[in-house]
Amino acid sequence: MMYGLFFGDSITYGEYDGVFGGWVDILKRYALQKYNEGGNELILFNLGIGGETSQGLVKRIQNEMTARNAEDGNIVFIGYGANDLAVKDQKQMINPEQFKANIEKAIQQAQDFSNEIYLVSILPISEKVAGKISATGKVRRNEEVLVYNQILKGIAIENSLIYIDFHSAFLEDKEVLLSQDGVHPNEKGYGMMAEIAIPIIEKYL
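Per UniProt numbering, the very first residue in the sequence shown carries number 1; after that it's consecutive.
In structure tokens:
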């Protein structure tokens, strides 16, 4: 039996998807169905917390993984940046250097429990809201999304990890795949994320 642990913010958690409960929950049901059909048991944990930055990840990853350590191994997904790059009260929540340091530190801690670690890209932002102040007082820009995704790609290369590029998949159709708030996917967007992620978990099933 293996565990899949998904760390992230509200996009990992599946916020704004009243239909499927987000991409991780779709994967959870898929893994269960495969197991019921006689496949390997892979139990997925959605450890997404709305509004969390990479700072929060560093604080909790060790405890979360210690509490859920499967004897046959763990698969770890790390999806951060959408809150880190946001500017609130004229200040970036987590600057690029700090973001890089946090993600690297989290990977180091995860490596004590797993050698199957995936980094998840940040999604593009709708043109409707890019550069504007959101209801939570945050400003996000697509230029920053590219900068932070570049950091994630670099970390993936340096550590021989797989980078899951949801960003490219969303780019052309983002206005159709994002919800009203322009930041979170809608059920169509989450469904697409799950389609991209299914082949990744497939090899453990």
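Don't be surprised by glycine CBs; every beta carbon is placed ideally from N, CA and C.
From this set, the options, which residue's C-alpha is nearest residue i's C-alpha?
{"i": "Tyr190", "options": "Ile201, Leu177, Asp181", "result": "Leu177"}
{"i": "Asn186", "options": "Leu205, Ser126, Phe99, Tyr148", "result": "Ser126"}
{"i": "Arg68", "options": "Lys105, Glu52, Met193, Ile43", "result": "Ile43"}
{"i": "Ile162", "options": "Met1, Lys34, Asp25, Val76", "result": "Val76"}
{"i": "Val183", "options": "Ile26, Asp17, Phe6", "result": "Asp17"}
{"i": "Asp25", "options": "Asn36, Tyr35, Phe6", "result": "Phe6"}
{"i": "Met192", "options": "Leu123, Ala70, Asn40", "result": "Leu123"}
{"i": "Asn63", "options": "Phe166, Leu47, Met1", "result": "Leu47"}
{"i": "Glu143", "options": "Leu85, Phe170, Leu152", "result": "Leu85"}
{"i": "Gln98", "options": "Thr53, Tyr13, Asn115", "result": "Thr53"}
{"i": "Leu171", "options": "Ala194, Ser121, Ile155", "result": "Ser121"}
{"i": "Ile11", "options": "Gln150, Gly38, Ala194, Ile157", "result": "Ala194"}
{"i": "Ile157", "options": "Ile107, Ala130, Glu202, Gln180", "result": "Ile107"}
{"i": "Asn159", "options": "Lys100, Val147, Ile196, Ile133", "result": "Lys100"}
{"i": "Gln180", "options": "Ile196, Gln150, Lys128", "result": "Lys128"}
The beta strand (DSSP E) spanning residue i covers which residue range?
{"i": "Arg4", "result": "The sequence given here has Gly at residue 4, not Arg. That run of the beta strand (DSSP E) goes 2–8."}
{"i": "Tyr163", "result": "162–164"}
{"i": "Leu44", "result": "42–48"}
Here's the rule: buried if 16 or more other CB atoms are within 10 angstroms of the residue's CB, otherwise exposed. What is residue i?
{"i": "Pro199", "result": "exposed"}
{"i": "Arg29", "result": "exposed"}
{"i": "Leu135", "result": "Here the sequence assigns Ala to residue 135, which means Leu is not the residue at that position. Label assigned to Ala135: exposed."}
{"i": "Glu15", "result": "buried"}
{"i": "Glu175", "result": "exposed"}
{"i": "Val145", "result": "buried"}
{"i": "Lys138", "result": "buried"}
{"i": "Ser168", "result": "exposed"}
{"i": "Ile201", "result": "buried"}
{"i": "Gly8", "result": "buried"}
{"i": "Asn133", "result": "According to the sequence provided, residue 133 is Ile. The question's Asn does not apply to it. Ile133 comes out exposed."}
{"i": "residue 253", "result": "The structure shown does not extend to residue 253, since the chain is modelled only from 1 to 205, so the question has no answer here."}
Grab the span of the alpha helix (DSSP H) containing residue i for me, first residue to last.
{"i": "Tyr35", "result": "23–36"}
Am I right that residue i and residue j are in contact with their C-beta atoms under 8 angstroms? What's the rounded C-beta distance?
{"i": "Asn74", "j": "Phe113", "result": "5 angstroms"}
{"i": "Ala110", "j": "Ile103", "result": "Not confirmed; about 10 angstroms, so no contact."}
{"i": "Tyr80", "j": "Phe45", "result": "Contact flag wrong, Cβ pair sits at about 17 angstroms."}
{"i": "Met93", "j": "Glu41", "result": "Not a contact, Cβ separation roughly 38 angstroms."}
{"i": "Leu119", "j": "Ile61", "result": "Between Ile61 and Leu119 the Cβ distance is about 13 angstroms, and since that is not below 8 angstroms, they are no contact."}
{"i": "Leu205", "j": "Ala31", "result": "6 angstroms"}
{"i": "Arg141", "j": "Gly154", "result": "Contact doesn't hold; Cβ gap of about 20 angstroms is too wide."}
Report task. Tell me the start and end of each unbroken alpha helix (DSSP H) in the stretch 166–200 that is at least 4 residues and wholly inside, in chain order. Result -> Entirely contained in the stretch 166–200, the alpha helix (DSSP H) runs reaching 4 residues are, in chain order, 166–171, 174–177.
Query raised in the report: Hey, which unbroken runs of the beta strand (DSSP E) at 3 residues or more fall wholly within the stretch 57–142?
Result: DSSP runs (the beta strand (DSSP E)) wholly in the stretch 57–142: 74–79, 116–120.
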